[in-house]
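The opening position of the sequence shown corresponds to residue 1 in UniProt numbering, with each subsequent residue numbered one higher.
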Amino acid sequence: MSVQAAGVMYRNYINGQWVPAASGDMEVSVNPANRSDAIGRYPLSDAGDVDRAVQAAAAARRDWRKQTGAARGECLRKAADALERRLEEVARTMTREMGKTLPEAKGETARGVALLRYYAGEGMRKVGDVIPSTDSAALMYTTRVPLGVVGVITPWNFPVAIPIWKMAPALVYGNTVVLKPAEETSVTAALVVECFEEAGFPAGVINLIIGKGDVVGPALVDHPGVQGITFTGSNAVGKQIGQQALARGAKYQLEMGGKNPVIVLPDADLKLAVEATISGGLRSTGQKCTATSRVFVHRDVYAAFRELLLEETKKLTLGDGLEDGVWMGPCASGKQLEKVVSAIARGVEEGAELIYGGKRPGDGPLADGYYVEPAIFDRVKPEMTIAREEIFGPVLALIACDDLQDALAMANDSELGLSAAIFTKDIGSMLSFIDDIEVGLVRINAETAGVELQAPFGGMKQSSSHSREQGQAAIEFFTSVKTVFVKA
Ligand SMILES: NC(=O)C1=CN([C@@H]2O[C@H](COP(=O)(O)OP(=O)(O)OC[C@H]3O[C@@H](n4cnc5c(N)ncnc54)[C@H](O)[C@@H]3O)[C@@H](O)[C@H]2O)C=CC1
Ligand SMILES: O=C(O)CCC(=O)C(=O)O
């Protein structure tokens, strides 16, 4: 499709103005459910565009920081109202641009509204403590100050919620922001920033630079005017960003992958365990860092669990997420589809038994999208690639276990440690699991995905930089502590 024929032209947002990339280069955003549907055109920015955005954010820093937390929170509240008014439009754009079903996209957009309201309230909360000094005539206390300019680098899988759960706390604690969204969801990101614009943030406080990750990303991470980088995405890029930020002394926060296990014990409610495995593993086409990937099932209930899982998975409808009744949409991009298809092929080559799905619809209305059927592998061994590497697709690997200790040993045998769930009625098993599982999100009789915005979110091991996002934990990254000693 020619770039000129591809509808509305979206731009960067720098210093309160919508501006094209200096190069004038553009790309087309295409619907992964139907590649002849163009969502719009977006700019391909370069380091010069990034520099202009950082300069604008740096110039806006002082005045924004000097506003009260309540005033900054009020701007976020207005952004929440704007996003709520435009919820249907933003959600439909998200579905068209990255494929998740419309109900999921609406849920995510509503979560964006709730995040903005939550962080609006944070502007009124305490920022320090009084600490007794050894000098009885002195006052000692802590306070917090913003980092300055924060670079926000976000993925395509939650194109509304993730930018907001990073930008809202950054802003309310007094930072200014340059957002670099995933190229795949450039248009959705532009709509989110339009909502911030409608809220009346001062010029330069929020800036948006759209373009290729390997061009815009390094320019932002390496920019000396950026004091903090917050990132969600792949482990490879995250580690690179961490090293670059460390090299020049910038603060960084990384949220990366998962290889999230579910453990099903003999006393589990099997219906609940199956529902949660399907929801956790296959919703959003498995494209969540918290998605269920490995399922360790006790041998006593293995056959029963597998039959029920097969029966329920067969009921799922694959199709365009805008259509009523569709449960699972396409992969978000051709690149992501290739990754999923090659992981499935590798599973078969390594000897796992593909007992359901895993094929691309070859003809009919789905042939023009990046679709793949949900896949279930039986007889998976822990050393197989499908049990070790993040797939980020609708693929479940079933592994038999002898008991809880056996399941825990296999579940913990991973470089990643984001989320994990257990299904059991036994309190002792629950407590052992809570204590011994090496993940940041521990879920009992609930799916591995689905985080709550008021609670800390993040992983252990290589899933994160050991920091936490969301809830009040966000203050730790977006501010620095000052310890103050006052003697009159
Ligand atoms: N933890 C999560 O939620 C996510 C994990 N992933 C994982 O990553 C895999 C690949 O997906 P991608 O979209 O390619 O992830 P990615 O890590 O390349 O993209 C994430 C963000 O980083 C940016 N980026 C890319 N290269 C960069 C660089 N050199 N410097 C700075 N920023 C850069 C991208 O433009 C995007 O905004 C997925 O299959 C999945 O396994 C992807 C998206 C989200
Ligand atoms: O499970 C969720 O709601 C959040 C998942 C997430 O943060 C991600 O996939 O990046």
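Every residue gets a Cβ at the ideal spot worked out from N, C-alpha and C, and that includes glycine.
Since this is a predicted model, take the numbers as computed values, not measurements.
beta-carbon residue i near ligand 1 non-hydrogen atom, thresh 7 Å
i    : result
M256 : yes
T285 : no
G233 : yes
D214 : yes
Q336 : yes
T392 : The sequence shown places Phe at residue 392, rather than the Thr named in the question. Yes; taking the cut-off as 7 Å, the Cβ of F392 has a heavy atom of ligand 1 nearer than that.
N207 : no
G217 : yes
W165 : no
K78  : no
E183 : yes
I344 : no
Option in the options with minimal Cα separation from residue i
i           : options                : result
residue 505 : R96, M430, S465, P43   : The shown model of the chain, from 1 to 488, leaves out residue 505, and the question about it has no answer.
R96         : L139, V145, N31        : N31
T479        : G123, S29, A22         : G123
S23         : D46, V484, R35, D324   : D46
E108        : A120, M94, E373, S342  : M94
P202        : A58, F423, L147, Y118  : A58
residue 496 : S467, P365, A473, G428 : The structure shown does not extend to residue 496, since the chain is modelled only from 1 through 488, so no value can be given for it.
T143        : K126, V295, E197, V348 : K126
M26         : V187, T154, D363       : V187
A375        : R294, I391, G40, Y356  : Y356
V54         : G16, A80, E349         : G16
N157        : P20, M430, V113, G329  : G329
A161        : N175, S136, A138, V192 : V192
F485        : D406, N12, S133, E84   : S133
H223        : G204, Q244, V237, N235 : Q244
T128        : V341, L308, T483       : A quick correction: the sequence has Gly, not Thr, at residue 128. Ranking the options by Cα distance to G128, first place goes to T483.
R248        : N235, V221, A236       : V221
M384        : G458, R299, K259       : K259
F423        : L272, R85, R11         : L272
R62         : R299, G204, G242       : G204
R299        : M98, A400, Y118        : A400
P382        : E275, G351, Q454, G200 : G351
A105        : A91, Y118, A114, R111  : A91
E194        : R11, D413, Y173        : R11
K359        : E353, G174, A236, V341 : V341
Y119        : K100, V172, G347       : V172
R111        : L83, S136, A138        : L83
D51         : V19, V130, A219        : A219
R86         : S333, F477, E198, A332 : E198
Proximity test, residue i beta-carbon vs ligand 2 heavy atom, cut-off 7 Å
i    : result
V442 : no
G471 : no
T479 : no
I162 : yes
C289 : yes
G112 : no
V451 : yes
N31  : no
N260 : no
F12  : For the sequence presented, residue 12 should be read as Asn rather than Phe. The answer is no for N12.
N34  : no
Beta-bridge partners of residue i, as assigned by DSSP
i    : result
M9   : R41
S29  : G40
I437 : Per DSSP, none; premise fails for I437.
F423 : V264
A138 : K487
W18  : Y13
S480 : V145
A375 : V395
I153 : K180, F231
S417 : Looking at the sequence provided, one finds Gly at residue 417 rather than Ser. Paired residue(s): M460.
N34  : N31
E469 : F457
Proximity test, Cβ basis, 8 Å: residue i and chain D
i    : result
K212 : Of the protein chains in this structure there is only one, and it is not chain D.
| task | Could you tell me which uninterrupted alpha helix (DSSP H) segments, each at least 4 residues in length, are contained entirely in the stretch 291 to 368, listed from first to last along the chain? | result | 299 to 314, 334 to 349
| Touching or not, the stretch 438 to 451 and the stretch 294 to 309, by the rule of three or more beta carbon pairs under 8 Å? | Three or more beta-carbon pairs separated by less than 8 Å are not found between the stretch 438 to 451 and the stretch 294 to 309, which leaves the two stretches without contact.
| said: Extract the residue ranges of the alpha helix (DSSP H) inside the stretch 57 to 135, only unbroken runs of 4 or more that lie entirely within it. | reply: 69 to 85, 87 to 98, 102 to 122
| query | Can you give, in chain order, each stretch of the beta strand (DSSP E) that sits fully within the stretch 176 to 257 and has at least 3 residues? | reply | 176 to 180, 206 to 208, 228 to 232, 251 to 255
| Whole runs of the alpha helix (DSSP H) within the stretch 385 to 414, excluding any shorter than 4 residues | 404 to 412
| task | Say whether the stretch 405 to 417 touches the stretch 461 to 472, bearing in mind that this needs 3 or more beta-carbon pairs closer than 8 Å, one atom from each stretch. | result | yes
| said: Does the structure place the stretch 142 to 149 close enough to the stretch 51 to 66 that three or more beta carbon pairs sit under 8 Å? | reply: yes
| field | Touching by the beta-carbon criterion (3+ pairs, under 8 Å), the stretch 205 to 221 and the stretch 173 to 186 | value | Yes, they touch.
| request: Evaluate contact between the stretch 226 to 239 and the stretch 250 to 259, counting only Cβ atoms and requiring at least three cross-stretch pairs below 8 Å. | output: yes
| query | If we count Cβ pairs, one from each stretch, closer than 8 Å, do we get three or more for the stretch 61 to 70 versus the stretch 279 to 299? | reply | The stretch 61 to 70, when compared against the stretch 279 to 299, does not touch it at the 8 Å Cβ threshold.
| Are there three or more Cβ pairs, one per stretch, closer than 8 Å when the stretch 423 to 442 is compared with the stretch 374 to 392? | No: fewer than three Cβ pairs fall under 8 Å.
| query | Are the stretch 69 to 85 and the stretch 165 to 174 touching, with three or more C-beta to C-beta distances below 8 Å? | reply | yes
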